[in-house]
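Numbering-wise (the numbering used here), the sequence shown opens with residue 281 and increments by one. Glycine included, every Cβ here is placed at the ideal spot set by N, Cα and C. Comments concern the structure below.
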Amino acid sequence: MSRIWWTTCCLTIVCLLVAGCDPPSPQGKLPPNGASKEPPQVTPGPVDPDAPEEYTTTASGLKYRIRRRSEGKKPTVKSIVKVHYRGQLQDGKIFDTTYGKMGQSTQFPVTQVIPGWTEGLQLIGEGGMIELDIPADLGYGSKGAGQLIPPDADLHFLVEILEVTP
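In structure tokens, the structure reads:
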């Protein structure tokens, strides 16, 4: 009898201890992949009403159009940028985005992305928005990127620069 009583008491104490513990607070944790803690942004921000519809083509073959001008700090090859973006294949299929349900931005060094991004990001400053049409040779080339981006795929991105750190 005392063995059953002792086991019951131990189990009751363990249950009370477990029930009294709060789950870990997400407050002190960093979001994954360099994402920030700002409120979610589920759609792209506004576009300048007089933003051009035509694209400009650079010497490398990158096509871009600035959707929102900015007088903010422009990134260099040594900068780290915090951005929101949406990446699509030419058929319109979205393969990656920071918008949506979670809406958290991401950040990275300007030179640790595909060459089309490295070039395009330096064309606008903090607060700016740009559309990039990136030919395959400035994107993932003949290898593609896993299951999402086929070989020799031209890519389309909408990018907003939220912050530039030198």
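Check your understanding: What residues in its chain sit with their C-beta under 7 Å from that of Ser340, if we drop five residues either side in the sequence?
Key -> Glu399, Leu418
Check your understanding: From Tyr335 to Leu442, what does the alpha carbon distance come to, in whole angstroms?
Key -> 22 Å
Review point. Roughly how many angstroms separate the alpha carbons of Thr386 and Arg347, rounded to a whole number?
Key: 20 Å
Exercise for review: Assess, as a yes-or-no matter, whether the region 349 to 364 is touched by the region 426 to 442 under the definition of 3 or more beta carbon pairs within less than 8 Å.
Suggested key: yes
Review point. Grouping DSSP H, G and I as helix and E and B as strand, with all else coil, what is Pro395?
Key: helix
**Study point:** Environment of Pro320 [buried if 16+ CB atoms lie within 10 Å]
**Key:** exposed
Check your understanding: Where do the ends of the beta strand (DSSP E) carrying Arg227 lie?
Key -> This structure cannot speak to residue 227, because the chain is shown only from 281 to 446.
**Study point:** For Tyr344: DSSP bridge partner residues
**Key:** Thr336, Leu412
Point to revise | Delimiting residues of the beta strand (DSSP E) encompassing Pro355 | key: Premise fails: Pro355 is in no beta strand (DSSP E) and is neither H nor E.
Exercise for review: Would you give the residue range spanned by the beta strand (DSSP E) that Thr386 belongs to?
Suggested key: 386 to 389
Practice item. Quickly, what does DSSP pair Glu443 with across the bridge? List them, please. Key: Lys362
Check your understanding: Ile394 and Tyr420 look like a contact to me (Cβ under 8 Å); what is the Cβ gap, rounded to whole Å?
Key -> 7 Å
Exercise for review: Starting from Asp376, follow the beta strand (DSSP E) in both directions and report where the run begins and ends.
Suggested key: 374 to 377
Exercise for review: Starting from the C-beta of Gln368, find all residues in its chain whose C-beta is less than 6 Å away, skip the five residues before and the five after it, and write them out in chain order.
Suggested key: Ile374, His436
Check your understanding: Relative to the alpha-carbon of Ala416, which residue among Ile429, Ser359, Arg349, Gly408 has its alpha-carbon at the smallest distance?
Key -> Ile429
Check your understanding: Roughly how many whole angstroms lie between the Cα atoms of Ala370 and Glu351?
Key -> The sequence given here has Gln at residue 370, not Ala. Approximately 30 Å between the Cα atoms of the pair.
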